[in-house]
Each structure stands twice: as C-alpha cells, then as structure tokens.
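K.L.:
Questions regarding the structure given below will be posed in turn.
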Amino acid sequence: MFEKSLVAYIYAETPLHPGSGTAISGIVDLPIQRERHTEFPMIQGSSLKGVLRNAPKGAKRGSSIALSDKCENCPKKENEEVKENCDICGQIFGTQEGVGGISVTDARILAFPVRTLKGVFGWITCPLVLGRYKRDLSFINTSPNWNLEQLNIEDKKVMIHGNSTLKVELEGKKYVYIEDLQLEAEERNDVLQSITSEIIKALPVNNAYKDIREKLTKDLVIVSDDVFRDLVSLTTEVVTRIKIDPKTGTVQTGGLWSEEYLPTDTIMYSLILIPSRLNNLKSEEITKKLMIYDGKILQIGGDETVGKGFALIKLVEGGDKNVEKS
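When we follow this note's numbering, the leftmost residue of the sequence shown carries the number 528, and every step to the right adds one.
This is the structure we're talking about:
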C-alpha cells in the first residue's frame, strides 16, 4: 500500500474554518467539519490534499502549482522551473486527466486550546484521542512508548505535569479550572512527559516557537473522553458576520449569519502515505518534494481574505513499508 509515510502536523496560527456547508441543525449557520459519531473536529483529507496541491511553491514569488482547467494555458508555465514544479505536482497529486498516487488521511484533533483561570490557556486531550494517535503512528511503524492503561480518568479529574502553570492549590488539593469546570488535578510527570515528547513534534525547533513549545510541555491537560467531547463541542469560536448594503449602509436582507472556527493554537495531524513508485518518481523523490511544505504556513479552509485559516505545517517522517495491496 505504501513505501514511506509522513505525519503532517497542523498548528493553527489563526482561527480555522474547515466548513461543512449549511448547518442541518443547531444555532451556527456555517459549522466546521466534525466526525459524526464523536463530534470531534476534523478536516477532510480531500481538503488537505487540495491545500497541498494548490499551495504556492513555484520558482518565483506568486507562482502557483494549482492544477485547474486553465492549467495548460497558464502563463506562469512559460517559466521552465514553474512548469517542472507543475508537472511534478500533477504526478503526485493528480491532474484533470488522472488521479495522483499519494494518500492523505483526514486530519484528526490532537490537542485543543481552552481558556483557564490560571496560566491564560492550556491544551486538552483525552485517552480516546491519544489512543487513536498511537494507533495511527503504529500504522506507519512509529509507535510511541506510552501506556494507554495509565490513562484512566474520571470526569471530574485531570492529569497534569508537575510544572503546569494552570494548577491552583485549594485546601491542600490541586485543581485546574477550565472554562466553568473545576477539575481535581493529579500530577503525573512520567505520563505527561512521554506524551508531550510526541506532540511537541508539531512545532519547529527554533526561537520563534520556543515559548509555545515550553508551554505545551507544561500545560497539556489530559481530561476524560466525555469532558473532551463537551469542550470541543461547546468552546469553539462562533462569530456573527454581516453584509452591508452599500446604498443604505445597513445590513442587507439575509446578510446576517454565524460561522464556527477552530481556535488559534489548535493542533491536528494527518498521515501522508507514499507509494514505492509513482509515475516514474521513486518514494524518496516524492518524499523530498513533499518536504518543501515542512515549516511553511498554508491556508486551510474558508475566509482567507479576513485572515482566517493560516496554519503551520510540520512534516515528520514515519516508518517504512507497512501494508501491501491485496
């Protein structure tokens, strides 16, 4: 099935709107994509593949590898280097005439930012999310070493690192206040260190992200599955927008709607599976071409013109050959 693999971590630099279309129910007109059975936020693999396929990476600033119906007549392809990039992109991601060969999975939530009474904010995750993450990494032969049996958490309790800036001591006990929840905290340095050592790979190792890496190491909170589901369902950003009639200066009829966003600092991940050979490109060549996205800011989802959807992409190489096609 694949020869090589990449883990694509997505770190939201601005709120993300991976829209699901018109709401079927609820109070939000334009909700984000969610898993049907868990209500956890997600991003369709087709959306991510489109982002990678259309992201600028040509020879000159502003050149594009977008493969639209007009691609063959694109004036940018007069530049030989841009043309080569477009051709390689077509081989990897597909063209109007045929499909590409790499597989991009749906992006799953890994750590969700929440406001706290102390420490401003922290990230939450849960046993269900971590179990999925471990299985996904195992699928590409990169299994972390933490023990999921240690993650048995009651609804009114959390696990934190001993150096967490979120904890509040009250009458001899430690608590973390998330939104309006008072949760008793258990310090488990061994568990948190083993988990954050994997999640921290979502961030570059440079001075720009030094502070956020340190905060993630200290302020990741493991909550129960039920509490996690409630918080990712109820604490996303919801913004009301309007459309002004230029003639009257007032809101147009039907020009009032609400949109849902994943908050800044959300961390998600997806797998990119690479075949052994694709259109005369070896897996090593494909991997090298894809690594151009590592550490880049890409735009995901809607509302680009109002500054939404900008996310850091961090690529980490996974294990080698795992599954064969039958």
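Beta carbons: idealized from backbone N, C-alpha and C, even for Gly.
In this text, all values refer to a predicted model and were calculated from it rather than measured experimentally.
Determine the DSSP secondary structure at Ile799, reduced to helix, strand or coil.
P.N.:
Position 272 of the sequence shown, counting from 1, holds the residue named residue 799. Looking at Ile799 - three-state DSSP - the assignment turns out to be strand.
K.L.:
Mapping the DSSP letters down to three states, classify Ile537 as helix, strand or coil.
P.N.:
Reading the sequence shown from its first residue, position 10 is the one you call residue 537. Looking at Ile537 - three-state DSSP - the assignment turns out to be strand.
K.L.:
Out of Ile537, Thr762, Ser797 and Leu644, state which residue places its alpha-carbon closest to the alpha-carbon of Phe666.
P.N.:
Working through the sequence shown from its first residue, we reach residue 666 at position 139. Among Ile537, Thr762, Ser797 and Leu644, the Cα nearest to that of Phe666 belongs to Ser797.
K.L.:
Pairs of beta-carbons, one from the stretch 750–770 and one from the stretch 781–799, closer than 8 angstroms: are there three or more?
P.N.:
Verdict: yes, contact present.
K.L.:
Looking at C-alpha atoms only, which residue of Ile537, Ala582, Ser574 and Gly553 is the closest neighbour of Lys816?
P.N.:
For the purposes of this step, residue 816 is taken as residue 289 along the sequence shown, with counting starting at 1. When each option's Cα is compared against that of Lys816, the closest is Ala582.
K.L.:
Under 8 angstroms between the Cβ atoms of Leu758 and Glu711?
P.N.:
Sequence index remark: in the sequence shown, residue 758 carries index 231 (1-based). Sequence index remark: in the sequence shown, residue 711 carries index 184 (1-based). Contact flag unset, no.
K.L.:
Excluding the five sequence neighbours on either side, which residues of its own chain have a C-beta within less than 8 angstroms of the C-beta of Gly782, listed in chain order?
P.N.:
Sequence index remark: in the sequence shown, residue 782 carries index 255 (1-based). For Gly782, where only same-chain residues beyond five positions count, the Cβ hits under 8 angstroms are Ile769, Lys770, Ile771 and Asp772.
K.L.:
Tell me the start and end of each unbroken beta strand (DSSP E) in the stretch 633–706 that is at least 3 residues and wholly inside, in chain order.
P.N.:
Fully enclosed beta strand (DSSP E) runs of 3 or longer: 634–642, 648–652, 684–687, 694–697 and 700–705.
K.L.:
DSSP three-state call for Asn600: helix, strand or coil?
P.N.:
One-based indexing of the sequence shown puts residue 600 at position 73. Unreliable positioning characterises Asn600 in this predicted model, as indicated by a pLDDT of 49, which lies under 50. The coordinate reading is nonetheless provided below. Reduced to three states, the DSSP call for Asn600 is helix.
K.L.:
For Leu839, report the span of its alpha helix (DSSP H) as first-last.
P.N.:
Stepping through the sequence shown from its first residue, residue 839 is reached at position 312. Leu839 -> not in any alpha helix (DSSP H); beta strand (DSSP E) instead, spanning Phe837 to Glu844.
K.L.:
For Ile824, does the count of other Cβ atoms within 10 angstroms reach 16, so buried, or fall short, so exposed?
P.N.:
Indexing the sequence shown from 1 puts residue 824 at position 297. Its Cβ having fewer than 16 others within 10 Å, Ile824 is exposed.
K.L.:
Would you mind giving the Cβ-Cβ distance between Leu579 and Glu844, rounded to the nearest angstrom? I have them listed as a contact below 8 angstroms.
P.N.:
Here residue 579 corresponds to residue number 52 of the sequence shown, with the count starting at 1. Here residue 844 corresponds to residue number 317 of the sequence shown, with the count starting at 1. In fact, because the Cβ distance is near 16 angstroms, the residues do not count as touching under 8 angstroms.
K.L.:
What does DSSP give as the partner residue(s) for Arg768 in the beta ladder?
P.N.:
For this step, residue 768 is matched to residue 241 along the sequence shown. In DSSP, Arg768 forms a bridge with Trp784.
K.L.:
Roughly how many angstroms separate the alpha carbons of Ala634 and Met569, rounded to a whole number?
P.N.:
Position 107 of the sequence shown holds residue 634. Position 42 of the sequence shown holds residue 569. Cα to Cα, the separation comes out at about 5 angstroms.
K.L.:
Return helix, strand or coil for Gln571, following the three-state DSSP convention.
P.N.:
Here the question's residue 571 lines up with position 44 in the sequence shown. Gln571 falls in the coil class under three-state DSSP.
K.L.:
Can Ile799 and Ala535 be called in contact, C-beta distance under 8 angstroms?
P.N.:
Position 272 of the sequence shown holds residue 799. Position 8 of the sequence shown holds residue 535. Yes, Cβ-Cβ distance for Ile799 and Ala535 is below 8 angstroms.
K.L.:
For the candidate residues Arg561, Asp663 and Ile651, whose alpha-carbon lies nearest to that of Ala550?
P.N.:
Working through the sequence shown from its first residue, we reach residue 550 at position 23. Checking every option, the nearest Cα to that of Ala550 belongs to Arg561.
K.L.:
When the Cα atoms are used, what is the spatial distance from Gly689 to Thr541?
P.N.:
On the sequence shown, residue 689 is found 162 positions in, with the first residue counted as 1. On the sequence shown, residue 541 is found 14 positions in, with the first residue counted as 1. Each residue's alpha carbon lies about 30 angstroms from the other.
K.L.:
Specify the secondary structure class of Glu566 as computed by DSSP and reduced to three states.
P.N.:
Here residue 566 refers to the residue found at position 39 of the sequence shown. Note: Glu566 maps to coil in three-state DSSP.
K.L.:
Relative to the C-alpha of Cys653, which residue among Gly627, Lys835 and Leu747 is closest?
P.N.:
For the purposes of this step, residue 653 is taken as the residue at position 126 of the sequence shown. Cα-wise, what sits closest to Cys653 is Leu747.
K.L.:
I'd like to confirm the pairing. Which residues does DSSP put opposite Arg561 in its beta bridges?
P.N.:
Locating residue 561 in the sequence shown gives position 34, where the first residue counts as 1. For Arg561, which the question treats as bridged, DSSP gives the partners Pro568.
K.L.:
Just to check my reading of the structure: Pro545 and Ile794 have Cβ atoms closer than 8 angstroms, yes? What is that Cβ distance to the nearest angstrom?
P.N.:
Indexing the sequence shown from 1 puts residue 545 at position 18. Indexing the sequence shown from 1 puts residue 794 at position 267. No, Pro545 and Ile794 are not in contact; Cβ-Cβ is about 14 angstroms, not under 8 angstroms.
K.L.:
Can you tell me whether Lys841 is buried or exposed, with buried defined as 16 or more other CB within 10 angstroms of its CB?
P.N.:
Locating residue 841 in the sequence shown gives position 314, counting from the first residue. It is buried - the Cβ of Lys841 has at least 16 other Cβ atoms within 10 Å.
K.L.:
Touching or not, the stretch 671–682 and the stretch 714–731, by the rule of three or more beta carbon pairs under 8 angstroms?
P.N.:
As far as the Cβ criterion goes, the stretch 671–682 touches the stretch 714–731, which means the pair count is three or higher.
K.L.:
Helix, strand or coil for Leu761? Go by DSSP, reduced to three states.
P.N.:
Along the sequence shown, read from residue 1 onward, the residue named residue 761 stands at position 234. Of the three classes helix, strand and coil, the one that applies to Leu761 here is helix, per DSSP.
K.L.:
Return the chain-ordered list of same chain residues with a C-beta closer than 6 angstroms to the C-beta of Lys728, the five sequence neighbours on each side being excluded.
P.N.:
The residue labelled residue 728 in the question sits at position 201 within the sequence shown. Closer than 6 angstroms at Cβ, skipping near neighbours: Val843.
K.L.:
Check Gly617 in the structure and name its three-state DSSP category.
P.N.:
Position 90 of the sequence shown, counted from the start, is the residue given in the question as residue 617. The answer is helix: DSSP assigns Gly617 an H, G or I state.
K.L.:
Within 10 Å of its beta-carbon, does Leu697 have 16 or more other beta-carbons around it, so buried, or fewer, so exposed?
P.N.:
For the purposes of this step, residue 697 is taken as residue 170 along the sequence shown, with counting starting at 1. Its Cβ having fewer than 16 others within 10 Å, Leu697 is exposed.
K.L.:
From which residue to which residue does the beta strand (DSSP E) around Val748 run?
P.N.:
By one-based count along the sequence shown, residue 748 stands at place 221. Looking at the DSSP string, the run of the beta strand (DSSP E) that includes Val748 is Leu747 to Ile749.
K.L.:
Which word fits Asn600, buried or exposed, when buried means at least 16 other C-beta atoms lie within 10 angstroms of its C-beta?
P.N.:
For the purposes of this step, residue 600 is taken as the residue at position 73 of the sequence shown. With a pLDDT of 49 at Asn600, under the threshold of 50, the predicted position of this residue should be treated as unreliable, and no value is reported.
K.L.:
Could you tell me whether the Cβ atoms of Thr723 and Leu743 are closer together than 8 angstroms?
P.N.:
Translated into positions along the sequence shown, residue 723 becomes position 196. Translated into positions along the sequence shown, residue 743 becomes position 216. Taking 8 angstroms as the Cβ cut-off, Thr723 and Leu743 qualify as a contacting pair.
K.L.:
Tell me whether Gly546 sits in a helix, a strand or coil according to DSSP, three-state version.
P.N.:
Position 19 of the sequence shown, counted from the start, is the residue given in the question as residue 546. Here Gly546 sits in strand by DSSP.
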